[in-house]
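To start, the structure under review is shown below, and the notes come after it.
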Amino acid sequence: MAKKEKNNKDIKIAIAGVGNCASSLVQGIYYYKKVKNDDDLVPGLMHNIVGKYKISDIKIVAAFDIDKRKVGKDVSQAIFALPNCTKIFHSDVPKTGVRVKMGPVLDGIADHMKDYPEEKRFVQAKIKPVDVAKELKKSGAEVLINYMPVGSQKATEYYANAALGAGCAFINCMPVFICSDKEWAEKFEKKGLPCIGDDIKSQVGATIVHRALSHLFCERGVKIERSYQLNFGGNCDFMNMLSRSRLKSKKISKTEAVESELAKRLTYDNLHIGPSDYVPFLKDNKICFIRIEGRKFGNVPVELELRLSVEDSPNSAGCVIDAVRMAKIALDRKVAGPLISPSAYFMKHPIQQFTDEKAREMVEEFIKDQRER
Ligand SMILES: NC(=O)c1ccc[n+]([C@@H]2O[C@H](COP(=O)([O-])OP(=O)(O)OC[C@H]3O[C@@H](n4cnc5c(N)ncnc54)[C@H](O)[C@@H]3O)[C@@H](O)[C@H]2O)c1
Numbered sequence: 114m115a116k117k118e119k120n121n122k123d124i125k126i127a128i129a130g131v132g133n134c135a136s137s138l139v140q141g142i143y144y145y146k147k148v149k150n151d152d153d154l155v156p157g158l159m160h161n162i163v164g165k166y167k168i169s170d171i172k173i174v175a176a177f178d179i180d181k182r183k184v185g186k187d188v189s190q191a192i193f194a195l196p197n198c199t200k201i202f203h204s205d206v207p208k209t210g211v212r213v214k215m216g217p218v219l220d221g222i223a224d225h226m227k228d229y230p231e232e233k234r235f236v237q238a239k240i241k242p243v244d245v246a247k248e249l250k251k252s253g254a255e256v257l258i259n260y261m262p263v264g265s266q267k268a269t270e271y272y273a274n275a276a277l278g279a280g281c282a283f284i285n286c287m288p289v290f291i292c293s294d295k296e297w298a299e300k301f302e303k304k305g306l307p308c309i310g311d312d313i314k315s316q317v318g319a320t321i322v323h324r325a326l327s328h329l330f331c332e333r334g335v336k337i338e339r340s341y342q343l344n345f346g347g348n349c350d351f352m353n354m355l356s357r358s359r360l361k362s363k364k365i366s367k368t369e370a371v372e373s374e375l376a377k378r379l380t381y382d383n384l385h386i387g388p389s390d391y392v393p394f395l396k397d398n399k400i401c402f403i404r405i406e407g408r409k410f411g412n413v414p415v416e417l418e419l420r421l422s423v424e425d426s427p428n429s430a431g432c433v434i435d436a437v438r439m440a441k442i443a444l445d446r447k448v449a450g451p452l453i454s455p456s457a458y459f460m461k462h463p464i465q466q467f468t469d470e471k472a473r474e475m476v477e478e479f480i481k482d483q484r485e486r
């Protein structure tokens with residue numbers, strides 16, 4: 114099945130967007146650096162080892178942002194700079210020797226952000242942007258992780274093109290459709306590069322909980338008639354998403370992730386899913402309310418109400434830390450194009466949806482090289 118593997122243990126990653134999710138990922142790389150065996154009981158990880166790769170094999174070699182408090186700083190400092198506000202669970206991040214470079218802003222900053230205090234929002238650095246593809250090549254990056262804000266269509270396409278130009282695998286953590294888009298998928302396939310996307314489905318987040326409960330209702334014969342999922346938080350992601358015009362693909366991504374678990378699709382009126390508000394004091398704590406209404410035996414109504422409270426960014430990092438290692442496995446095996454199994458397991462909007470149970474089974478097979486992608 115796979116061609117002969119190269120024996121290269123480091124996984125050189127580059128990060129586009131050094132926000133809260135990147136902060137959690139980088140903290141996690143150092144927090145878990147001592148994890149050496151699959152049998153160690155480690156809270157918070159889905160896989161201690163992926164193939165032959167430990168978390169300590171992940172090395173940051175490049176990073177890009179546009180905020181004046183981050184650009185020019187070592188990654189170890191930039192991840193703790195404002196407006197980042199996620200929980201610091203590992204402050205002891207050593208100097209990486211990698212300075213954050215200025216990326217092109219394009220549509221990365223929403224207009225309405227200027228109405229908020231500087232400590233809460235992005236503040237653009239007045240520096241000439243670098244050529245990201247050139248910088249990626251220079252750094253030797255193998256995997257580029259895209260953390261652009263929701264609605265950054267142009268910026269995401271720019272970074273996807275940079276990955277193609279520099280020969281990097283691409284992990285798209287946000288809802289601009291790249292890996293799930295046929296044309297973009299073909300571009301990666303043609304270049305011999307793997308991609309995983311789109312839009313991270315967090316470890317235990319609103320999407321996976323809503324999917325699991327919808328699946329349960331359907332499996333137990335309940336006819337789901339109406340459902341909503343309301344989300345709010347106080348980080349930049351939620352501030353950015355106050356602009357409804359930036360939300361189109363986020364709504365599609367979140368809605369399709371749940372719809373794909375329903376026995377019968379609901380009409381527009383009966384399914385409402387989306388980011389709902391920005392509450393600054395919550396910082397990176399996201400609150401989600403889920404309601405499911407259905408009919409069970411005897412056509413008798415059943416209702417479920419759930420409140421989920423999670424620190425948003427470590428929740429995404431718990432998946433990205435595995436996705437990075439799967440992208441590296443694909444590079445080793447020379448597998449190109451969208452990785453069906455990791456995308457279905459880790460992303461809300463993969464090129465092909467599967468139940469989470471099936472996707473997990475497929476991911477395990479992919480790691481063991483019993484499944485090509
Ligand atoms: N659990 C989660 O947190 C989660 C889950 C799914 C998807 N996502 C998505 O991941 C993305 C990142 O989330 P986050 O919480 O880290 O957001 P964030 O707002 O904290 O970080 C975004 C970063 O991108 C930078 N940026 C903006 N435009 C840029 C450009 N053109 N070039 C380089 N950098 C630029 C900003 O300065 C900021 O540092 C968002 O789209 C979010 O919706 C997050």
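So the sequence shown is numbered by the numbering used here: it starts at 114 and just counts up by one. We treat Cβ as the ideally placed atom computed from N, Cα and C, and that holds for glycine.
**Message:** Taking 8 Å as the cut-off, does the region 196 to 209 touch the region 321 to 333 (at least 3 CB pairs, one atom from each stretch)?
**Reply:** no
**Request:** Taking 8 Å as the cut-off, decide whether the C-beta atoms of P427 and S137 are in contact.
**Result:** As a working mapping, residue 427 is identified with position 314 in the sequence shown. As a working mapping, residue 137 is identified with position 24 in the sequence shown. Contact flag set, yes.
**Message:** On the CB-based measure, 16 or more other CB atoms within 10 Å of its CB, does I284 come out buried or exposed?
**Reply:** Locating residue 284 in the sequence shown gives position 171, counting from the first residue. I284 should be labelled buried.
**Asked** Hey, is S358 close to ligand 1, as in C-beta under 7 Å from one of its heavy atoms?
**Response** Along the sequence shown, one-based indexing puts residue 358 at 245. The answer is no for S358.
**Prompt:** Taking the alpha carbon of P463 as the point to measure from, which residue in F345, E248, D311 has its own alpha carbon closest?
**Reply:** Taking the first residue of the sequence shown as 1, we reach residue 463 at position 350. For the residues F345, E248, D311, the minimum Cα distance to P463 belongs to D311.
**Message:** Determine whether the beta carbon atoms of M460 and I222 lie at a separation below 8 Å.
**Reply:** Position 347 of the sequence shown, counted from the start, is the residue given in the question as residue 460. Position 109 of the sequence shown, counted from the start, is the residue given in the question as residue 222. For M460 and I222, no; Cβs fall outside 8 Å.
**Asked** Leaving out the 5 sequence neighbours to the left and right, which residues in its chain are closer than 6 Å to S373 when beta-carbon positions are compared?
**Response** Within the sequence shown, the letter at position 260 stands for residue 373. Once the five neighbours on either side are set aside, the close Cβ partners of S373 are Q466.
**Prompt:** How is the beta strand (DSSP E) around S340 delimited, first residue to last?
**Reply:** The residue labelled residue 340 in the question sits at position 227 within the sequence shown. 336 to 346 is the extent of the beta strand (DSSP E) around S340.
**Message:** Here's a check: name, in chain order, each residue in its chain whose Cβ is nearer than 7 Å to the Cβ of H225, leaving out the five neighbours to either side.
**Reply:** Here residue 225 refers to the residue found at position 112 when the sequence shown is read from its first residue. Cβ neighbours of H225 beyond the five flanking positions: L355, S356.
**Request:** Would you tell me roughly how many angstroms separate the C-alpha atoms of A254 and K233, rounded to the nearest one?
**Result:** In the sequence shown, residue 254 corresponds to position 141, counting from 1. In the sequence shown, residue 233 corresponds to position 120, counting from 1. Whole-angstrom Cα-Cα distance: 31 Å.
**Prompt:** Hey, would you say the C-beta of C286 is under 7 Å away from at least one heavy atom of ligand 1?
**Reply:** Locating residue 286 in the sequence shown gives position 173, counting from the first residue. Yes; taking the cut-off as 7 Å, the Cβ of C286 has a heavy atom of ligand 1 nearer than that.
**Request:** Would you kindly report the start and end of the unbroken alpha helix (DSSP H) that includes E477?
**Result:** In the sequence shown, the residue the question calls residue 477 occupies position 364. Run containing E477: 469 to 480, per the alpha helix (DSSP H) assignment.
**Asked** Taking the DSSP output, what are the residues bridged to C349?
**Response** On the sequence shown, residue 349 is found 236 positions in, with the first residue counted as 1. BP columns for C349 are empty, so no partner.
**Asked** Is L277 near K300, with beta carbons less than 8 Å apart?
**Response** Here residue 277 refers to the residue found at position 164 of the sequence shown. Here residue 300 refers to the residue found at position 187 of the sequence shown. It is a contact, given that the beta carbons lie within the stated cut-off.
**Prompt:** Taking 7 Å as the cut-off, is the CB of V206 close to at least one heavy atom of ligand 1?
**Reply:** Residue 206 sits at position 93 when you count from the first residue of the sequence shown. Not so, every heavy atom of ligand 1 lies at least 7 Å from the Cβ.
**Message:** Suppose you measure from the CA of K147 to the CA of K122; what does that come to, to the nearest Å?
**Reply:** Within the sequence shown, the letter at position 34 stands for residue 147. Within the sequence shown, the letter at position 9 stands for residue 122. C-alpha separation (whole angstroms): 16 Å.
**Asked** Which residues share a DSSP beta bridge with V415?
**Response** Here residue 415 is taken as the residue at index 302 of the sequence shown, counted from 1. DSSP output for V415 lists G407 as bridge partner(s).
**Prompt:** Rounded to the nearest angstrom, how far is the Cβ of P455 from that of A436, given a contact under 8 Å?
**Reply:** Numbered from its first residue, the sequence shown carries residue 455 at position 342. Numbered from its first residue, the sequence shown carries residue 436 at position 323. Confirmed, about 6 Å.
**Item:** Supposed close pair A246, V213 - CB separation, criterion 8 Å
**Value:** Looking up residue 246 in the sequence shown gives position 133. Looking up residue 213 in the sequence shown gives position 100. The pair is not a contact, with the Cβ atoms about 17 Å apart (cut-off 8 Å).
**Asked** In the region 194 to 272, which residue ranges form an unbroken alpha helix (DSSP H) of at least 4 residues, counting only runs that do not cross its ends?
**Response** 245 to 252
**Asked** Should I403 go down as buried or exposed, given a rule of 16 or more other Cβ atoms within 10 Å for buried?
**Response** Numbered from 1 along the sequence shown, position 290 holds the residue referred to as residue 403. Buried is the call here.
**For F290, three-class secondary structure by DSSP** = For the purposes of this step, residue 290 is taken as the residue at position 177 of the sequence shown. Coil at F290, not helix or strand.
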